[in-house]
Structures are given as C-alpha cells and as structure tokens.
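Asker: Attaching a single structure in structure tokens format; questions to follow.
Protein chains: 2
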Amino acid sequence: MFENTNSTEIADLGEFGLINHLTQHINLNSPHTLKGVGDDAAVADAKEKKILISTDLLLEGIHFDLAFTPLKHLGYKAIQVNLSDIYAMNGLATQVTVSLGFSSKFPLEAIEELYSGMLLACEKYNIDLIGGDTTSSKQGLVISVTSIGYANEVDITYRDGAQEGDLLCVSGDLGGAYVGLQLLEREKQVFLTNPNIQPDLEGNDYIIERQLKPEARLDIVDLLKKMGIKPTSMIDVSDGLASEILHITKQSKKGCKLYEEKIPIDPQTTEMAREFGLDPTVCALNGGEDYELLFTIKQADYDRLKHDVDITVIGYITEESAGNYLITKAGNVHELKAQGWNAFKDNFGSSPYCVDK
Amino acid sequence: MFENTNSTEIADLGEFGLINHLTQHINLNSPHTLKGVGDDAAVADAKEKKILISTDLLLEGIHFDLAFTPLKHLGYKAIQVNLSDIYAMNGLATQVTVSLGFSSKFPLEAIEELYSGMLLACEKYNIDLIGGDTTSSKQGLVISVTSIGYANEVDITYRDGAQEGDLLCVSGDLGGAYVGLQLLEREKQVFLTNPNIQPDLEGNDYIIERQLKPEARLDIVDLLKKMGIKPTSMIDVSDGLASEILHITKQSKKGCKLYEEKIPIDPQTTEMAREFGLDPTVCALNGGEDYELLFTIKQADYDRLKHDVDITVIGYITEESAGNYLITKAGNVHELKAQGWNAFKDNFGSSPYCVDK
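First to last, the protein sequences are chains A and B.
So for the first sequence, our numbering puts the first residue at 105; every next one is plus one.
So for the second sequence, our numbering puts the first residue at 105; every next one is plus one.
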C-alpha cells in the first residue's frame, strides 16, 4: 500500500515542516471559523463569546513511560497540557472531551486511576468533561484530549501580535520538567539493573512534579486580567523556550533579544542539570514540557507587573531584520535556534499543530 | 503499577458498562454546558447558536486494517463517522480537529493520502479543518477526530425524546458495511495464502463502499428540515440497529416494536450475507458501521415522508413496560437485545461514549 518511488522521509521534514506541508491547501470556509490552523487554539464564532478549541494526542512510549508515571498523574497531566493551550489564547477553558484507547487486559482499576487524575484536574480548574470515546488498543495506552474554551473577541491573544519594543515575559521557571524526566529515566535504568535498589528521588520533589504533574497557568491569565494587561502575543511553553519565542517572532514578523541571565531557572533544576552534565540554560531553551506562559507586553505595562515574582521579563522584541538573538551571561551573542523536540526524529514529544506556517 | 487484588476485567463490564462506571460521578458545572456525557454529541451554549461537539478515536488493528483499507478512504471515513454524530443531533457540522499518530517510518506520501481523504470529506461537507496534533507512534496508526457543529436550541434532537406511538424510522439500508467487511477479510486471507490470486470483489462495489467509504447523512437532516419534520429522537447507526434502538428506548423510557420485514437491506447485502452463511437481518441488527440515521417521528408527520424512498418506517414506540421486541417475518416475537460490537471483548469496533447511562 505504501509503495512509492518518491518516498519522502518525514524525519527530513520535521514535525512543523510536515504540518506546513499538509495544511498548505486548507481553506477556511465557514462563517463560524475565525482562526483555523496556526495558533495554540482554534477560534470559532459563537456570536457573543468566541469559542477556543484545542486538542492533544498522547501515546504510550512517546509521551509517557508507565514505568515511572503514576496513572493518576498521567490523567492530571493529560488535561493540564491541553488546558494550557486555551489559557495561552487568554481564554477560559470550560470543557474537555477525552478519548482513551487501552489494552483489553488493562484492569479497570488502572483506568479508574487515570480517570481520577483527569477528574481531579477538571475539578480544580472548573472544567466539565462533556464527552469522549473509549476503545481497546493493541498498541499501548492512547489518550486524546480536546479542550474548549471561551473568550471575548477583544481579549483573545494570538501569537502574531508582538510589536517592536514589547517586553518578552515568561511565567514561573523553565527547564525543570526536562531535568525531572532525566532523573526519572536514570532511576528507571538503575531499577532495571537492580530491582532491589530504591529510586533516589529525595530532595528532587520540585523537578519531578514539574515533569509528572504540571499546572496550566490559569492563575497568570487571571493575574494579567486583574492587572489590566492584555498581552500583545502569547504562547505556552511546551516545546522549549527557544522554539516558542521563534513561533512568536516568526508569526509577528519581528525579531528579539533574549538575555540568558534573565531566564528563570529553579536552583533544583540547575543543580540536577549539572549532575547530568547539562547546561541549565539549554534545558530551559530546548527541554520543553514546562507549560508556562510566554508572552509579550507593551513597555507601558511594565510598571504594573514589575513586582510580580512569578513573571520575569527575559528580553524584548526587535524589528524582523534584526534577527533573533540570545545574549549569554558572558556577553556573547548567539543566533536563537529551535532545537526543541522533534517527535519524528527522536520519538519524543509532540506539539499541537497550531504552529508557524 | 497495576497491582490490585480486586482487579476487574473490563471485558466483564463491556464498553458501555465501563463508561457508565467511569462517568457516574461526573458533574457538569459550567453555565456553558447544556449536555455532557449522554448523547451523540455534547451541547455547549454559544448563546445565539448552541455548539455540538463530538470526538472519535480510531486505532489501527482495531478499527481498520491497512491491508485492505486505502489510506484515502480511511481519511474520508474517519471524518464521516465523526460528522455523523453531529448530524444525529440534527445539527450542522462545521469544523473538525484531527490528531494523528503514526510511525516515523511512514512515508510522507502515505500521510498525504490519508489527509487528502480527510480534506475531500471536509470539502464535500463544507467542514473547516481547524486544528489538531501530530505525533510519532510506536503503535501503528492512531486517528482522533473531534467535530464541532451548531444548531438552534429548539432544533437539537436528543436520544431521549421518543414518545409512545411515535414511528421508528431509518435512512438508507443496513448491514452492508458489516458484510462488506467480511468480504474484505476473506479476500485478505485468500491473498495471504496465495499472493498471486487477485481479490474477487467484482459485483460487490456497493457493500465494499459501505465499509470503506461511508457517507454521513447530512442529506437526511436537510430533507427532514425541508419537510418541516423535527424528529422526536435521533441517533446514528454505528454499532448496529438493535443497539441504537435500545439507546433511544432506554433513554426515552419507552419500549418498541420492530418489524423484521421492514428493515431495509440491499439485495447485495442479502446475497453476500447468505454466501457467508449469515442471516442478513442479524447483520443489520448487530453489524454496525452503517452510519445511517435512526429516528422517531410523530405519527402526524408520517404523510410528509411516506413517499421518500430513502426513509423507511421500521416499527413504533410503545410504553416502557411493553418492552422492546422484534416481530420476525414468520410472526414470531423476540426480545430485542444489543449484540453490537464490544470493543473490549472482540477487539473490534467502538462507540463514542455519549451512551446510555
């Protein structure tokens, strides 16, 4: 069936390249559609409020490893990563649908655990689970989540609104989820070698939680609203800071200066990264799965958020021709490149294809 | 991780039982939500129009066999089966999101073929593909589709509105998709035994198309609207006629009489069923995947549709205590039972968990 003499390797295109390729001929026809492929979530016209829709597919062996991921945490995370896309539009997530595929040999209690994590996330974030699908799978656990959210049209924040001079801001801290994953992978290997050795995770709660139980930043969306700040652009950090910044600058047709010394990194992340011989900054730039919000604001709004410890200004937007640059702590200037996960190259990670075109 | 001394076999519960079990504690909290788990599609309040949302997960080896399913057909079908749920609410499907998981060794051309079928379906039914997700899969091809549709609140047709005396109607004909699948499976086995033998599909175009390229019945929704008929209840036939009738009668708290002689079955379906030693009526009752619309109408509306050859009255609604019965051609009376696919028992098929509770 796949005989084709002009076979193209998907790995050669990369995920975004593939998506660009696939979506280039899509036309939007319905008056209900305001924004299709091209951002964190699609926007549909429900007249009074606009509808935000986002979907994620999570596959065992690709997005999660059941050897070290408790099912309840997995359920919680599956919802969070999807809500994060709605918040990144400056919207309020309201509903999810959840589709699950799993082996017919999975005990009911396992699915209950998974589900309980999902319902916990829903309860905490005031989300209704309104539908879904379940099926058996010959292929490991499959989770597909679709989130629906609402926002007033004027409040919706796209990736393409950054203006020259805007400040580049990020919530929380970065790199922790990636370093937490390295730690979990290491302890799994230790366990496989000698099952009598208990995992050595002590003192690393924070980075493990960043990996296993991320929290979508609804609080930041609320905070910005309370401060009277509408970001000029926004995206969630799922593939690594570098990749997300480049989404914003590319779609906004701008450049940026990013300051390494400003990138917020937790001490636990720094310490564990060094233990693995990794540069903490590289973990923040390319690690992914932090689910923080990256956004740009007008300089005039700076005074309103400068005292908030959970938001850090990490750089600023320049004109497009100035390019995208990282200024290192040593004062060196490097071109910023996206080296985030490529699901088709290293079998790890993925991102919704609301991406740059 | 799955250690549990009280392990329950999911096969024992069955798919619907499992879903009932999982969803029994779900509360709906948002004022945006009008209808959560429990029908063909969820209904959200978008103020002027109501939003209809439905989602399906299709897995290789469970829902489709790439040995005899052309990828373009598969893409087309993946969209159709999902739109069918929106039409079954008497709504107009408008957008879809599509998530795909596939091996990194899949050639690009294969994904293009799949996608081209999806886009063809979208184009034909005026659907915008507004988002999605792609990822690699170690587990065969994974397809998740979410459809969003719109309807005026007064037009939405639930499963629970059937009234005593209403006529039970179905569009098109039944059992063809199931018999078509049997034929494709047989020819696959023949091919595996001797690859030099060409598949013998001649003269069976109709049933093969019923399996590989179903069409969601938007035309029936339009027709009913034109006739000025609002069904009192409606569902699409994805799991077999018997199962769907019982969804309607259970949720409507009614019973029914179904007449075997009235069940519309194409001659090609009958012929091929007999070749396989199958009872064509059983194929219609339990085969599934026909994606026709099953609905109830007031007797007063009968005159308006009695001349339409694509809609057949197959029985009527009774009071609940009268039970659900099939009257055979020989005049025997059998209790109607759902023996549709159980994805967890036979590794085949699945249905959205907008199901009876």
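Glycine residues also receive a C-beta, built at the ideal position from the N, C-alpha and C atoms.
1. Along chain A, which residues have their Cβ under 8 Å away from the Cβ of B/GLY205?
2. Just to confirm before moving on: does the CB-CB distance between B/ALA266 and B/ILE421 stay below 8 Å?
3. So that I know if they touch, is there some Cβ in chain B lying closer than 8 Å to that of A/ASP414?
4. Per DSSP, what kind of secondary structure is B/HIS167 in: helix, strand or coil?
5. Do you know offhand how far A/HIS411's Cα is from A/ASP394's?
6. Do you know how far the Cα of B/SER251 is from the Cα of B/TYR429?
7. State yes or no: is the beta carbon of A/ILE155 nearer than 8 Å to at least one beta carbon in chain B?
8. On the three-state DSSP scale, how would you describe A/GLY276?
9. Determine the direct distance from the alpha carbon of B/GLN184 to that of B/GLU319, and round the result to whole angstroms.
10. Could you give the DSSP three-state label for A/MET331: helix, strand or coil?
11. DSSP three-state label for B/THR173, please.
12. Taking C-alpha atoms, which residue in A/ASN256, A/PRO384, A/ALA442 and A/ILE369 lies nearest to A/THR416?
13. Using a Cβ-Cβ cut-off of less than 9 Å, give me the residues of the segment 222-237 of chain A that come near chain B, in sequence order.
14. For B/LEU161, which residues from the same chain have a beta carbon less than 6 Å from its beta carbon, with the 5 sequence-adjacent residues on both sides left out?
15. What residue range is occupied by the uninterrupted alpha helix (DSSP H) comprising B/ASN390?
16. Taking B/GLU439 as part of the beta strand (DSSP E), name the residues at either end of that continuous run.
17. As an exercise, report each continuous beta strand (DSSP E) stretch of at least 3 residues that is fully enclosed by the segment 178-261 of chain B, in chain order.
18. Are the Cβ atoms of A/LYS242 and B/GLY165 separated by less than 8 Å?
19. Can you tell me the Cα-Cα spacing of A/ALA148 and B/SER203, whole angstroms?
20. If I follow the unbroken beta strand (DSSP E) through A/LEU305, where does it start and stop?
21. At a cut of 8 Å, does the segment 377-394 of chain B reach the segment 324-337 of chain B through at least three beta carbon pairs?
22. So which of B/LYS209, B/LEU233 and B/SER208 has the shortest CA-CA distance to B/SER220?
23. How big is the Cα-Cα spacing for B/GLY332 and B/ASP323?
24. Which class does A/VAL417 belong to by DSSP, given the choice of helix, strand or coil?
25. Pick out whichever of A/GLY276, A/ASP169 and A/VAL200 has its Cα sitting closest to the Cα of A/LYS366.
26. What three-state label does DSSP hand B/LYS402 in the structure shown?
27. Please list the partners that B/THR261 has in chain A, where partner means a Cβ-to-Cβ separation under 8 Å.
28. Helix, strand or coil: how does DSSP classify B/TYR395 here?
29. Would you call A/GLY392 buried or exposed, if buried means 16 or more other Cβ atoms sit within 10 Å of its Cβ?
30. So, for A/LEU350: in the same chain, excluding its five sequence neighbours on each side, which residues have a beta-carbon less than 7 Å away from its beta-carbon?
31. At the level of alpha carbons, what is the spacing between A/LYS181 and B/ALA434?
32. Tell me, to the nearest whole angstrom, how far the beta carbon of A/MET376 is from that of A/ASN308; I am working on the premise that it is less than 8 Å.
33. Are the beta-carbon atoms of B/LEU218 and B/LEU278 separated by less than 8 Å?
34. Cutting at 8 Å between CB atoms, please list the residues of its own chain near B/HIS177, excluding the five before and the five after it.
35. Mind checking B/GLU423: buried by the 16 CB within 10 Å criterion, or exposed?
36. What separation, rounded to the nearest whole angstrom, lies between the Cα atoms of B/THR212 and A/ASN256?
Answerer: By the coordinates alone:
1. LEU161, LEU163, ILE166 and VAL246
2. yes
3. no
4. coil
5. 22 Å
6. 34 Å
7. yes
8. coil
9. 6 Å
10. helix
11. coil
12. A/ILE369
13. LEU223, CYS226, GLU227, ASN230, ILE231, ASP232, LEU233, ILE234, GLY235, GLY236 and ASP237
14. SER248
15. 384-390
16. 437-439
17. 196-206, 232-240 and 246-255
18. yes
19. Low confidence applies to A/ALA148: its pLDDT is 46, below 50, so where it sits in the model is not reliable, and the reading given next is rough at best. Approximately 18 Å between the Cα atoms of the pair.
20. Where A/LEU305 is concerned, there is no enclosing beta strand (DSSP E), given that its DSSP letter is neither H nor E.
21. no
22. B/LEU233
23. 14 Å
24. strand
25. A/GLY276
26. coil
27. Going along chain A, no residue has its Cβ under 8 Å from B/THR261, so there is no contact; the nearest lies around 16 Å.
28. coil
29. buried
30. ASN428, LEU440 and ALA442
31. 57 Å
32. 6 Å
33. no
34. GLY221, LEU316 and LYS317
35. exposed
36. Reading off the sequence shown, one finds Leu at residue 212 of chain B, where the question assumed Thr. The straight-line gap from Cα to Cα measures roughly 39 Å.
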